[in-house]
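With the numbering used here applied, the sequence shown corresponds to residues 221 to 324, in that order.
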Amino acid sequence: MSKLSRSKDYFEAILQVRPKDKEVLDFIKKQVEKRENEWIAKQEELKYGVDLYISSRKFAVILGRKLKKNFGGELKITKSIFTRDRQTSKNVYRVTVLFRIKSE
């Protein structure tokens, strides 16, 4: 599905960064800018970190792995059923990628 057929508010994954870190957020935004079919639908500032709503499940998992490789820390990937596709009768999942930065 192309970017044009989906709204800018559409997301398939949540990338959670704990705690908030400017360097990590800048890295994520640069990675998103490199891809024309991926975007951040929403950014939610929380008292213990930041949630980024990403347009693609696959891309969110790739981003999580790049974060772990570049910054160390802890990575957890979970998925939950969001809905069921009416045409294919398959479950549609939303992915949550948690990246926790090592506290020194």
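We put the beta carbon where it would ideally sit given N, CA and C, even for glycine.
Because the structure is a prediction, the values reported are computed rather than measured.
With 16 or more other Cβ atoms inside 10 Å of its own Cβ, V315 counts as buried.
Judged by DSSP in its simplified three-state form, R255 adopts coil rather than helix or strand. Counting only unbroken stretches of 3 or more residues, the beta strand (DSSP E) elements lying wholly within the region 237-301 are 260-266 and 269-274, in sequence order.
The alpha carbon of E264 has as its nearest neighbour, out of T298, K299, F247 and I234, the alpha carbon of I234. For the set K228, V270, T303 and D229, the Cα lying nearest the Cα of K242 is the one of V270. Contact between V281 and I297 holds, with the beta-carbon distance rounding to 6 Å and staying under 8 Å. Under a 10 Å Cβ-count criterion, E294 is classified as exposed, with fewer than 16 other Cβ atoms of the shown protein chains found around its own Cβ. Taken through DSSP and simplified to helix, strand or coil, Y313 comes out as strand. The Cβ atoms of K322 and G292 lie closer than 8 Å to each other. Here Q251 has L283 and K286 as same chain residues with Cβ atoms under 7 Å from its own Cβ, once five neighbours each way along the sequence are excluded. Residue environment analysis places Y268 among the exposed positions, since fewer than 16 neighbouring C-beta atoms fall within 10 angstroms of its C-beta.
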